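Heads up: the first sequence begins at 3 in the numbering used here, then just goes up one per residue. Read the structure below first, then the notes.
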Amino acid sequence: MENLIKSKILENAESLFQTTISEQQVQLQKTRKDVEGDLTLVIFPFVKMMRCSPLEAGAKIGDFLLKEIPAISNYEVVNGFLNLVIGNDFWVEQLKTINDTANYGLVAPNSKAAIMVEYSSPNTNKPLHLGHLRNNFLGYSVAEILKANGHKVIKTQIINDRGIHICKSMLAWQKFSPINESGERETPQNTGLKGDKLVGKYYVEFDKHFNTEAKAIITNWEQGQFDAVSTEVKDEFIRLTEAKAGKDEKAVKGIDDKIKDLAKNQTSILKEAKEMLVKWEAKDPEVYALWTTMNQWVYDGFAVTYKEMGVDFDKLYYESDTFILGKDIVEKGLNSGVFFKKEDGSVWIDLTADGLDKKLVLRSDGTAVYMTQDMGTAVERFNDFNDLSGIVYTVGNEQDYHFKVLFLILEKLGYSWAKNCFHLSYGMVDLPEGKMKSREGTVVDADDLMEEVVKTAFEMTKERGHIEGLSDDELNALCKMIGLGGLKYFLLKVDPKKRMKFNPAESVELNGNTAPFIQYTHARIQSLLAKSAMDLSSIAPSSINDSEKEIIKQLNDFPTIIAEAGKDYSPAVIANYSYELVKLYNQFYQSVTILNESDESLKQFRLILSKNVATVIKTAMRLLGIDVPNRM
RNA sequence: GGUUCCGUAGCUCAGCUGGAUAGAGCAACUGCCUUCUAAGCAGUAGGCCACAGGUUCGAAUCCUGUCGGAAUCACCA
């Protein structure tokens, strides 16, 4: 309809305005709720060229459209806005089309370019937490939204299974895990702990010893004991200590942190961990075996968590495989002059002309940095999937700079797909008390949280659900649907880019802008449809009211919303749309009677309208990774 | 300090490719279950859209500056 109006105006610009106009000047928008009309044309742009008042200009265009487009039944000009009323027949037709369209709102699968969506990508040294939940739900949902837009999607993650962090857990386990009567150290099997939890426990254990040792070293330094310390370190300590004089509290804290880092680097436990990393890189059999075993524990633990989350992956990348990649690309970049080499042998790129800094891409000892392997991995992925057009990286916004640099480097290296790489940058999740801090034990564990929300859903459902006759399995499935749905929706309804506050109490809320509210509406409709038991084929209501029209309009927007959510990589767009739809439906539901309606044509129309609302709810929620029940 | 992002009701968030009187939910208060699921609906109250300029017929939205908050600027990952 918008397009029709636009083209009519553009075609007849000559006679209407005595001049041609650009498409941009034809601004159509939805009419405000509180005035009569469905579509509104902004007429300010035409006032000057028509040499008359906004009122007259509006009337002239209104008369023209009324004559040209039969579906337009009336118009009104208010304050420079031409409000067009579109006849009910048109909206009924729209509903018919929606009802007849299979997979309404979705673009034909695999009809558009292949996109890889990377998300999750955890370290294997500790369990997943609240921040990972936002990441996973977001990545999964964006993948589904891109599929709905017709793209072929490859869901992936890169598992950070190597590096000093995993050596820390391994070392701590080796040193500090108690040995039981059968001579074994702690394992998931003999402790009953989830593998990721067990490994995480030893990461914390390492940190504890690490800090204790560092503190002892600082105490020694403060007492003037610098045995076995290089003069550089000693001088640095003295320099930093002196620098504290006269500084404010914040600056002193910053310096203290630097001193702590200095001391940490001198600890024997870190040295041991570093030695272990060297052995790992040399594929020392013993270290490698331990690494394989402990990583497997983590993978097994993660698998349980992912299953509960309802997310999955099509292809996995492991950093232990990819960390060697990228060096050949550095070589190529050196030859083509994109990179330059310093005297010490380190390789850099100068991005100052692009408003960024100089960035290291290869260490002086020839080993890779993060950037090196990210370049290599990207290229690898395009080799692995020859139809791949782009990659979406779901990674927190603390890495904004990293990705800006990465994409720019890839572009400079001449990879044409670099412009199709997108950093889906999302904000951190804060608690009501502020940031999550592992040191202060305020990190919200993913497993615990999911268990908690399901438990709450259980209590609420027992209290007010319609669950007579449900088996235990059905009840459990329902509560999981409600609890996890609520959690997902809570994390997805906020614009991904924005930092958000996570209030545990609000995340299990059932009223207002929540998944249970939406799920509830779906269940209500299903109940209606089950009771109606009539053939729903003919749509020919004697008349329709405003609340019905508003619902059709909202349904009509669904394809546009999916496109918008895809373009913006934003599940929040889908969430907010669904909430609007459900609110409109509930208003309608509460204001008319459906099953007891005596006018059969009207009754049938309302049932079909309801059915399509339920279908759109279900599709929309599916794009968020949320299931909807038939009763609750 | 440089760069980037953010600042909308008491709280959590929409609205941001400029358009009419800035919207929801939560919390507070009023009503509505002899009728299809009250996890619902209707209503009341709550705002110098951080601040100051500028562009425009028109600014929460665009530009500049100020203030406040966050992230980042490693031969860490």
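Note that the Cβ used here is the ideal one computed from N, Cα and C, for glycine as well. A quick note: this is a predicted structure, and the numbers were derived from the prediction, not measured.
Secondary structure of residue i, DSSP reduced to three states
i	result
Asn76	strand
Glu599	coil
Gly471	coil
Glu345	coil
Lys439	coil
Lys196	coil
Ile219	helix
Ser418	helix
Ser427	strand
Leu318	strand
Asn14	coil
Met634	coil
Ser391	strand
Gly398	strand
Thr158	strand
Ala230	coil
Thr42	strand
Ile351	strand
Met483	helix
Gln268	coil
Lys361	strand
Met452	helix
Leu408	helix
Leu489	helix
Ala370	strand
Lys605	helix
Asp163	coil
Contact check, residue i vs residue j, beta carbons under 8 Å
i	j	result
Leu12	Ile23	yes
Ala636	Met634	Residue 636 lies beyond the range of the chain shown here (3 to 634); nothing can be said about it.
Asp198	Phe304	yes
Lys360	Met373	no
Val119	Thr396	yes
Ile576	Ile563	yes
Asp36	Ile88	no
Asn151	Ala565	yes
Met172	Met311	no
Ser117	Leu557	Per the sequence shown, residue 117 should be read as Ile rather than Ser. No; because the gap between Cβ atoms is not below 8 Å, this pair is not in contact.
Phe315	Thr158	yes
Leu18	Ile45	no
Asp601	Ser544	yes
Gly378	Phe424	no
Val663	Leu426	Any answer about residue 663 is impossible in this case: the structure gives the chain only from 3 up to 634.
Ile261	Leu292	no
Gly487	Ser509	no
Integer Cβ distance of residue i from residue j, believed to fall under 8 Å
i	j	result
Phe607	Tyr106	Between Tyr106 and Phe607 the Cβ distance is about 17 Å, and since that is not below 8 Å, they are no contact.
Leu43	Leu57	That belief does not hold up - the Cβ atoms of Leu43 and Leu57 are roughly 14 Å apart, past 8 Å.
Pro124	Asp447	Pro124 to Asp447, Cβ: 13 Å. No contact.
Leu609	Glu550	Incorrect: roughly 12 Å between the Cβ atoms, too far for contact.
Val371	Val363	7 Å
Gly443	Ile147	No, Gly443 and Ile147 are not in contact; Cβ-Cβ is about 36 Å, not under 8 Å.
Met462	Pro631	At roughly 13 Å, the Cβ-Cβ gap does not stay under 8 Å, so Met462 and Pro631 are not in contact.
Ala641	Ile257	With the chain represented from 3 up to 634, any question about residue 641 goes unanswered, as that position is not in the structure.
Tyr204	Ser179	7 Å
Leu626	Pro573	5 Å
Ala275	Cys169	5 Å
Asn76	Ile546	That pair is no contact at about 16 Å.
Asn138	Val313	5 Å
Member of the options whose CA lies at the smallest distance from the CA of residue i
i	options	result
Ala355	Glu78, Ile628, Val407	Val407
Ala216	Lys255, Pro180, Asn267	Asn267
Lys2	Ala110, Tyr522, Phe48	The requested residue 2 is not part of the displayed model; the chain covers only 3 to 634.
Glu411	Asp389, Asp376, Asp263, Ala275	It should be noted that the sequence gives Ile, not Glu, for residue 411. Looking at the Cα atoms, Asp376 is the closest of the given residues.
Leu635	Thr193, Asp629, Ser270, Ser232	Absent from the model: residue 635. The displayed extent of the chain is 3 to 634, so no value can be given.
Val618	Gln592, Ile527, Ser603	Ile527
Lys503	Asn192, Lys482, Tyr428	Tyr428
Lys499	Asn399, Ile469, Tyr491, Leu597	Asn399
Lys8	Met51, Ile71, Ala59	Ile71
Tyr142	Tyr587, Gln227, Glu4, Tyr571	Tyr571
Glu413	Gly485, Arg466, Tyr581, Ile351	Ile351
Ile160	Tyr301, Glu38, Asp497	Tyr301
Residue i CB to nearest heavy atom of the ligand GTP below 7 Å
i	result
Asn105	You won't find the ligand GTP in this model; it holds no ligand whatsoever.
Start-end ranges of the alpha helix (DSSP H) lying completely within the region 76-153, minimum 4 residues: 90-102, 132-150
Whole alpha helix (DSSP H) elements within the region 513-596, 4-residue minimum: 517-534, 548-558, 560-570, 573-593
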